[in-house]
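Let me begin by presenting the structure, written as structure tokens, before commenting on it.
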Amino acid sequence: MKTPNGIEVIECFEKHFPRSLAVEGDKVGLQIGKLNKKIYKIMAALDITPEVIKEAVDEKINLIIAHHPLIFTPLKVINTDTSYGEIIELALKNDIAIYSAHTNLDIGEGGINDALAFDLGLLDTKPLTITSSEELYKLVVYVPLSHKEIVFTNMSNAGAGHIGNYSHCSFQINGKGTFKPLEGTNPYIGEIGEIDFVDEVRIDTIVPKQRLKAVITAMLKAHPYEEVAYDIFPLKQEGKQFGLGKVGYLKKETTLKDFANYIKDIWGLDGLRVIGDLNRPINKVAIVGGDGNKYIYDANRHGADVLITGDVYYHTAHDAEMLGLSMIDAGHNIEKIGKDCIKNVLEKEFNLKKFNVEIFTSKTNTNPFKFL
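Mapping of the sequence shown onto my numbering: position 337 corresponds to residue 535, and the numbering continues sequentially without gaps.
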């Protein structure tokens with residue numbers, strides 16, 4: 199078992215939730231501290247509050263991965279008499295790095311909106327609003343027949359060859375490779391100064407941009423040649439689409455009132471706000487974790503009966519009523535499900551890489567609202 203550094207930990211995390219998925223201008227990535235150090239214990243959190251940072255100190259955490267950025271607008275001063283200053287001071291004094299995974303954790307597969315949709319049992323889900331599409335590349339590499347399987351497997355395991363719900367996709371052609379090793383080389387096959395003809399296979403596969411570096415690294419590691427011949431071609435077709443929110447269908451139609459009560463039960467809410475006729479039939483559901491006020495028109499365009507989100511504004515509620523769209527304000531805090539999303543993906547990656555790191559989910563309740 200190996201103790202990784204913070205850079206290796208974040209590489210594992212960003213394999214699933216790359217920063218490129220975040221919406222433009224979002225504050226994602228390292229906010230406080232450094233990653234170039236050994237990581238022994240990680241805490242997954244929704245918010246960074248004074249109570250959360252004290253919990254991290256007590257638990258001897260040295261990396262926090264939080265959904266909500268601590269620093270969203272520039273700080274003019276760092277006054278340690280203030281709450282923000284206290285958090286920063288405690289983090290630095292206790293060598294706790296703070297990393298923010300905001301809209302990339304919302305959008306990525308297995309992230310917050312996927313988890314919320316799963317809890318609701320939604321079927322046939324799709325993004326509520328598209329934010330980006332994968333850039334795709336074709337990678338072509340020439341490999342001696344003896345190493346065909348290991349090179350192909352390494353590339354596939356690193357993220358190459360995914361088309362829809364299929365993995366390990368490639369096209370392979372056998373042929374002859376030629377080369378002449380010159381003075382100063384150390385050829386795997388052939389003699390210096392002699393032209394050699396070698397049975398090789400050409401492997402063509404597809405790679406998303408965010409996995410290209412990892413796939414090339416995996417390919418070079420498995421390839422026996424001193425100088426590897428490979429080509430990279432940008433493709434015009436778009437890859438997988440990503441977006442904020444989810445829209446899908448309930449397994450069984452229900453009423454708005456019963457659906458709201460169901461949401462209270464499954465997420466353990468003390469209360470919620472409902473906009474619309476409580477007897478309205480609900481079949482198609484849209485959900486956006488956090489503040490989803492501006493997505494009422496997307497929900498309406500998809501034909502959703504109800505939009506579930508948090509922090510619904512008074513005038514947005516009126517606008518939704520005029521669209522004929524019901525809303526359920528379940529509160530911003532439902533995004534606490536993201537703590538388990540962080541933990542689950544890291545545990546999966548750490549098991550694969552044999553990393554020895556403890557992952558702790560914050561127990562602090564950071565919901566500022568109370569119902570009387």
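Beta carbons: idealized from backbone N, C-alpha and C, even for Gly. Here the structure is a predicted model, which is why all the values come from computation and not from measurement.
Assigned secondary structure, residue i (DSSP; H/G/I helix, E/B strand, else coil)
i, result
"Q571", "For the chain, the structure presents residues 199 to 570; residue 571 sits outside this window and is missing."
"M353", "helix"
"I526", "strand"
"S218", "helix"
"K450", "strand"
"F211", "helix"
"Q370", "strand"
"E519", "helix"
"T415", "helix"
"G441", "strand"
"A299", "coil"
"V255", "helix"
"F431", "strand"
"R499", "helix"
"Y581", "No answer is possible for residue 581: the residues shown for the chain start at 199 and end at 570."
Supposed contact pair residue j and residue i - C-beta distance, whole angstroms, cut 8 Å
i, j, result
"T329", "F440", "6 Å"
"I573", "I294", "Since the displayed the chain opens at 199 and closes at 570, residue 573 lies outside it and no answer follows."
"S368", "F350", "6 Å"
"L337", "A358", "6 Å"
"P406", "E307", "About 12 Å; that fails the 8 Å criterion."
"N372", "V399", "5 Å"
"I573", "A458", "Here the chain has residues from 199 to 570 only, and residue 573 is not among them."
Among the options, the one whose alpha carbon lies nearest that of residue i
i, options, result
"T562", "P202, K232, D245", "D245"
"V341", "I506, A502, Q370", "Q370"
"I390", "V399, K378, D397, I401", "K378"
"E451", "V426, N459, K239, K482", "K482"
"D322", "E556, A484, I557, F553", "A484"
"V255", "V399, N292, G204", "N292"
"L476", "D468, I494, M525, I361", "M525"
"I401", "H530, D489, E347", "E347"
"L273", "I251, M241, E222, I230", "I230"
"I393", "N384, L380, F215", "L380"
"I205", "K232, V221, P422", "K232"
"Y335", "G501, G490, H360, D224", "H360"
"E257", "A313, E556, N565", "E556"
Residue i burial status per 10 Å Cβ neighbour count (16 or more: buried)
i, result
"H513", "exposed"
"L442", "buried"
"T271", "exposed"
"V275", "exposed"
"L326", "buried"
"K534", "buried"
"H577", "Residue 577 lies beyond the stretch modelled for the chain, which goes from 199 to 570, so this question has no answer here."
"D496", "buried"
"G466", "exposed"
Pair within 9 Å by beta-carbon distance, residue i and residue j
i, j, result
"D538", "D509", "no"
"Y297", "I430", "no"
"G487", "G536", "yes"
"I180", "I540", "Outside the modelled stretch of the chain, which goes from 199 to 570, sits residue 180, for which no answer is possible."
"L583", "I480", "Because the chain in this structure spans residues 199 to 570, residue 583 falls outside the shown range and cannot be described."
"L433", "T301", "no"
"K239", "F558", "yes"
"K324", "K492", "no"
"A427", "M353", "no"
"V504", "L523", "yes"
"L454", "R471", "no"
"I464", "L318", "yes"
"F553", "N531", "no"
"P202", "K551", "yes"
"E424", "T376", "no"
"K252", "L288", "yes"
"E436", "S560", "no"
Residue i CB to nearest heavy atom of the ligand SAH below 8 Å
i, result
"I390", "Among the ligands in the structure shown, none appear at all, so the ligand SAH cannot be discussed."
Contact with chain C by residue i, beta-carbon distance below 9 Å
i, result
"I208", "No chain C appears in the structure shown, which is made up of a single protein chain."
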